[in-house]
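Student: The structure is given below, and queries will be raised subsequently.
Numbering (the working numbering), first residue to last: 20 to 152.
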């Protein structure tokens, strides 16, 4: 009878261990789901932040383009400072190169970065190449 008590006690202990393992597995699964949900929420928030940054950059770029066009249309600067365009291009060349690498407004950037016929003396190879276009 004492051996039966030992066997019964061992059976109860084994059943408790089995239940405890099942509970731990369920808790781990629930914790994994929580972590997965938190990771997905974080990822979505990062995507939204990135989209907001891009939209803000696009808005700023549009504003600056309008502002630049207004200055060009005004023409007052050109009369007062005839070499202003060349100086502005030299000043902004690094920014334009970065825009070119980012593939931002490629046609506008190319037009600004390509040398014009006015910048080259007649008879140079670069002038001749432009003249053949």
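The C-beta atom is built at its ideal place from N, Cα and C for all residues, glycine as well.
What would DSSP say about residue 123, mapped onto helix, strand or coil?
Tutor: Coil, per DSSP.
Student: By how many angstroms is the C-alpha of residue 71 removed from the C-alpha of residue 38?
Tutor: Residue 38 and residue 71: Cα-Cα distance of roughly 49 Å.
Student: Going by the beta-carbon positions, is the gap between residue 128 and residue 108 smaller than 8 Å?
Tutor: In this structure, residue 108 does not lie closer than 8 Å to residue 128 by Cβ.
Student: Taking Cβ positions, are residue 132 and residue 119 nearer each other than 8 Å?
Tutor: Going by C-beta atoms, residue 132 is nearer than 8 Å to residue 119.
Student: Quick check on residue 102: does DSSP put it in helix, strand or coil?
Tutor: Coil, per DSSP.
Student: Excluding the 5 residues flanking residue 112 on each side, which residues of the same chain have their C-beta closer than 8 Å to its C-beta?
Tutor: Excluding sequence neighbours, residue 112 sits near 132.
Student: Which of the three DSSP states, helix, strand or coil, is assigned to residue 68?
Tutor: Here residue 68 sits in helix by DSSP.
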